[in-house]
Each structure stands twice: as C-alpha cells, then as structure tokens.
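**Q**
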Amino acid sequence: MNNIKLSSDDLKTIMEKMNRLEDLLKTIESAVWFEEKLVEEAEKNLNEMKKNAIKKSLVNMVRFSDDTFKYVETNWYDKRMKKSYGSRVLENALRRL
50 MNNIKLSSDD LKTIMEKMNR LEDLLKTIES AVWFEEKLVE EAEKNLNEMK KNAIKKSLVN
110 MVRFSDDTFK YVETNWYDKR MKKSYGSRVL ENALRRL
C-alpha cells in the first residue's frame, strides 16, 4: 500500500468538501421528503374531488325526481344512444360508485 502524506491544508479541504457533501445530501433528503408530501397532498385532493363529483352527480339525480325527471327524460331522449338523458346521468353516477 502506498502511504499518502497529506498536509493540514489538504485535510481541511477534504473536510470542507465532505461537509458540503453532507449538507447537499441533507438538502436532497428534505427535497425528496417535500416531494413525497406534495404527492400525498395531490392524491388526497384528487380523491376528494372524485368524492365531490360523485356527490354532485347524486344530487343532480335527486333533482331530476318525479315530474321533473319525466319531463327531462322525454325532452332529452338521445336517439343515437337510445337512452334518455336522465338514464345516462343515473348510469354514469352508478358507474362511479
């Protein structure tokens, strides 16, 4: 093995670089942690939006009840789909559940 002799200045430089690397590593770790928190928050928001969309669909279905529903059903009949608008709203809401 070769013995390498280092001066005190060399050792200081090495220690400074190691400290900088350690600080950089801490910064990277905190950035990764922050990104994970952002992803978790985004997933929570997405799930909340999905729940709200389902609730909104269900509220819209309830609004189309009784005579109003029949009126909408007759006026919004889709010949291409061979379904009424109300039936499609009901199917879409049930599919999301």
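For what it's worth, the working numbering labels the leading residue of the sequence shown as 50, then goes sequentially. Built from N, CA and C at the ideal position, the CB exists for glycine as well.
Note down the Cα distance separating V88 from M98, rounded to an integer number of angstroms.
**A** C-alpha separation (whole angstroms): 15 Å.
**Q** Taking only three categories from DSSP, how would you classify L143?
**A** Residue state, collapsed to three classes: helix.
**Q** If you scan the segment 61-110 from start to end, which runs of the alpha helix (DSSP H) of 4 or more residues do you find wholly inside it?
**A** Listed in chain order, nothing qualifies, since the segment 61-110 has no complete alpha helix (DSSP H) run of 4 or more residues.
**Q** Does the separation of the CB atoms of I63 and L55 fall below 9 Å?
**A** In contact: I63 and L55 (Cβ atoms closer than 9 Å).
**Q** How big is the Cα-Cα spacing for D59 and I53?
**A** Using only the alpha carbons, I get a separation of about 11 Å.
**Q** Hey, how far is the Cα of L90 from the Cα of T76?
**A** The identity of residue 90 in the sequence shown is Glu, whereas the question assumes Leu. Going from the Cα of E90 to the Cα of T76 covers about 21 Å.
**Q** Can you tell me whether DSSP reads S57 as helix, strand or coil?
**A** The answer is helix: DSSP assigns S57 an H, G or I state.
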